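K.L.:
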Amino acid sequence: MQPFPNNFLWGAATAAYQVEGAHDVDGKGPSIWDIYSHQPGTTYQGTNGDVAADHYHRMEEDVALMAELGMSSYRFSIAWARIFPEGRGKVNAAGVDFYNRLIDTLLSYNIQPMITLYHWDLPQRLQDEGGWESRATAEAFAEYAMTCFLAFSDRVSLWSTFNETVVFIGHGYITGLHPPGVNSPARALQACHHVFVAHAKAVAAFRQMQCDGNIRGKGMIGFVNVLQPHTPASTMSEDQKATRIADGIYTHWLYDPVLKGEYPKELLEIAQLTLGAPEFVKGDEKLLKENICDFIGLNYYKREMVAANPQQSTFEMNTSGQSNSAGEFGFKDLFKFVRNPEGEYTDWDWEIYPQGLTEGIMQIKARYGDIPIYITENGLGYKDPIIDGKIIDDARIDYLSRHLQAIADAIAQGADVRGFYPWSFIDLLSWLNGYQKQYGFVYIDRHDYLKRKKKKSFDWYQRVIQSNGTIL
Ligand code: BGP
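So for the sequence shown, my numbering puts the first residue at 24; every next one is plus one.
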């Protein structure tokens, strides 16, 4: 049996704020990241996406490189504030035009676009009006999504609404490391609920447009989540229990609403009892239930080992209404992530554990059934060595080939994995780590007018694609 099906999509991914640059060009409005990254002390050495990889101006050159690589699909996000500079209302034609040109250029090389509607760059205007804590943002998102479906869906059949809720809500509203820099689990849960509402409204609009014949025949809409499997740090029952809690918070809370149309019941009760959030309005349950995804996108970088936190080690303690407001989603103090003493780690302390990708995919299949899966991100953040002018990123080749093997293993065990989008196609901005943490197949010389150079991994991935993964 061959490791990957014949129609497997070989892709790569980017996101608008991290790659496009041109932050204030052709009528684009400011996003929360444009504003936040300009505030002192928010990002690594004050780096920002004002220029990024300047993909906005070099799109044709970049797509030609994707074609040379042999990609059959490209995952990118749309900058909401390019389409609606103020978040809603008047459409910016130049923004629509950029994505029309990008899509047409991709299709001219037979590269299938996969669009993410929201990869964290909320229009600042909507943030000023309350951001994701305001229900009106969900309405604005539905308007934005419909505008994109109408403009692009005649040529685009793969759509995802949101990228990694746990990160933009977790960092935006709990750790405070992303905009809007809040530290409140209750506010996080309410904002997160509005994201699920926004998602469901966009799915409903998509389905309606499919019925009306406005969307290309086989169009599918999904959601992209972090896939972070948890392993107990020991065989002790406390650690096993802590791991189940971590699964509940980091996985079930974020996947159940979009794949089962409901929150995990026990967790929801505890959250509403102890934090008073999320609050629903009439019809929310029905909306979620009726708008389950067509596919799920999984972003896998690492797994976490979980141990009980001796300071407060029982889940039940929280049901008594005790305050636990310091933790992630309100429950973090019930467990902690610990380092695996035998683990292999990146320079940023992310455990390299390819087998976790197989395990995570199989856990998703076990809980949610035969949902189509795309691996929408996977990659190694690394300071690439340059030897005699060549970028020799052997560590990335090793990382990606082991993770591809892990995907092949999941397929062999019956998972419906349909595509692979390594992060990232080209070196781009890492949100909090600037330009030093590289992920791409293509290097950008930031001292030589952003000149593109193919890395060693480019040639490797080209051969993988040509052989449909059989050379692994
Ligand atoms: C994911 C994001 C990407 C990308 C990637 C690497 O969470 O969806 O946008 O940034 O992580 O993360 P980092 O740049 O922090 O290494």
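For glycine and all other residues, C-beta sits at the position ideal for the given N, C-alpha and C.
This structure is a prediction, so every number in the text was calculated from the model and none was measured.
Please identify the residue among Y444, Q459 and K474 whose C-alpha is closest to the C-alpha of G93.
P.N.:
When each option's Cα is compared against that of G93, the closest is Y444.
K.L.:
Is the beta carbon of R441 sitting closer than 8 angstroms to the one on F31?
P.N.:
Contact: yes.
K.L.:
Are M243 and F318 closer than 8 angstroms when you measure CB to CB?
P.N.:
Contact: yes.
K.L.:
Please classify V361 as buried or exposed, where buried requires at least 16 neighbouring CB atoms within 10 angstroms.
P.N.:
Classification for V361: exposed.
K.L.:
Consider the C-beta atom of S207 and the heavy atoms of ligand 1; say whether any pair is separated by less than 7 angstroms.
P.N.:
Not under cutoff, so the answer is no.
K.L.:
According to DSSP, is T184 helix, strand or coil?
P.N.:
T184 falls in the strand class under three-state DSSP.
K.L.:
I want to check one thing, is the minimum distance from the CB of L296 to the heavy atoms of ligand 1 below 7 angstroms?
P.N.:
No, the beta carbon of L296 sits no closer than 7 angstroms to any heavy atom of ligand 1.
K.L.:
Which term fits W454, buried or exposed, when burial requires 16 or more other beta carbons within 10 angstroms of its beta carbon?
P.N.:
With 16 or more Cβ atoms within 10 Å of its Cβ, W454 is classed as buried.
K.L.:
Mind the definition here: the stretch 287-294 touches the stretch 396-416 only if three or more C-beta pairs lie below 8 angstroms; say whether that holds.
P.N.:
Touching, no, given that fewer than three Cβ pairs across the two stretches are closer than 8 angstroms.
K.L.:
In this structure, how does DSSP classify R267 when only helix, strand and coil are distinguished?
P.N.:
Of the three classes helix, strand and coil, the one that applies to R267 here is helix, per DSSP.
K.L.:
Compute every distance between the C-beta of V74 and the non-hydrogen atoms of ligand 1, then say whether any falls below 7 angstroms.
P.N.:
No, the beta carbon of V74 sits no closer than 7 angstroms to any heavy atom of ligand 1.
K.L.:
Could you give the uninterrupted runs of the alpha helix (DSSP H) lying entirely in the stretch 139-219, keeping only those of 4 residues or more?
P.N.:
Within the stretch 139-219, the complete alpha helix (DSSP H) runs of at least 4 residues are 147-151, 158-175 and 188-193.
K.L.:
Just mark L212 as buried or exposed, buried being the case when its beta carbon has 16 or more other beta carbons within 10 Å.
P.N.:
Looking at its Cβ environment, which holds 16 or more other Cβ atoms inside 10 Å, L212 is buried.
K.L.:
Looking at K529: is its Cβ nearer than 8 angstroms to the Cβ of D370?
P.N.:
Because the chain in this structure spans residues 24 to 495, residue 529 falls outside the shown range and cannot be described.
K.L.:
Using the Cα positions of L129 and A36, report the straight-line distance between them to the nearest angstrom.
P.N.:
So the alpha carbons of these two residues sit roughly 13 angstroms apart.
K.L.:
Compute every distance between the C-beta of H142 and the non-hydrogen atoms of ligand 1, then say whether any falls below 7 angstroms.
P.N.:
Within the cutoff, so yes.
K.L.:
Let me check understanding here. Comparing Cα to Cα, which of H217, E83 and Y167 lies closest to A102?
P.N.:
Of the candidates H217, E83 and Y167, the one whose C-alpha sits nearest the C-alpha of A102 is Y167.
K.L.:
Sort E327, E152 and L423 by Cα distance to F358 and report the nearest one.
P.N.:
When only C-alpha atoms are compared, the closest one is E327.
K.L.:
Determine the closest residue to K478 out of Y141, I410, S424 and M169, with distance taken between C-alpha atoms.
P.N.:
Measuring from the Cα of K478, the nearest candidate turns out to be I410.
K.L.:
Considering only the beta carbon of each residue, do V281 and F246 sit closer than 8 angstroms?
P.N.:
Closer than 8 angstroms, so yes.
K.L.:
According to DSSP, is K413 part of a helix, a strand, or is it coil?
P.N.:
Strand, per DSSP.
K.L.:
Mind checking whether G366 and Y376 have CB atoms under 8 angstroms apart?
P.N.:
Their beta carbons are under 8 angstroms apart, which means G366 touches Y376 by this criterion.
K.L.:
Is the beta carbon of I55 sitting closer than 8 angstroms to the one on P208?
P.N.:
No. Outside cutoff.
K.L.:
Should I138 go down as buried or exposed, given a rule of 16 or more other Cβ atoms within 10 Å for buried?
P.N.:
Answer is buried; the Cβ neighbour count reaches 16.
K.L.:
For a quick check, are the C-beta atoms of L495 and I398 less than 8 angstroms apart?
P.N.:
Against a cut-off of 8 angstroms, the Cβ pair of I398 and L495 comes out as no contact.
K.L.:
Between Q41 and ligand 1, is there a pair consisting of the residue's CB and a ligand heavy atom that are separated by less than 7 angstroms?
P.N.:
Yes.
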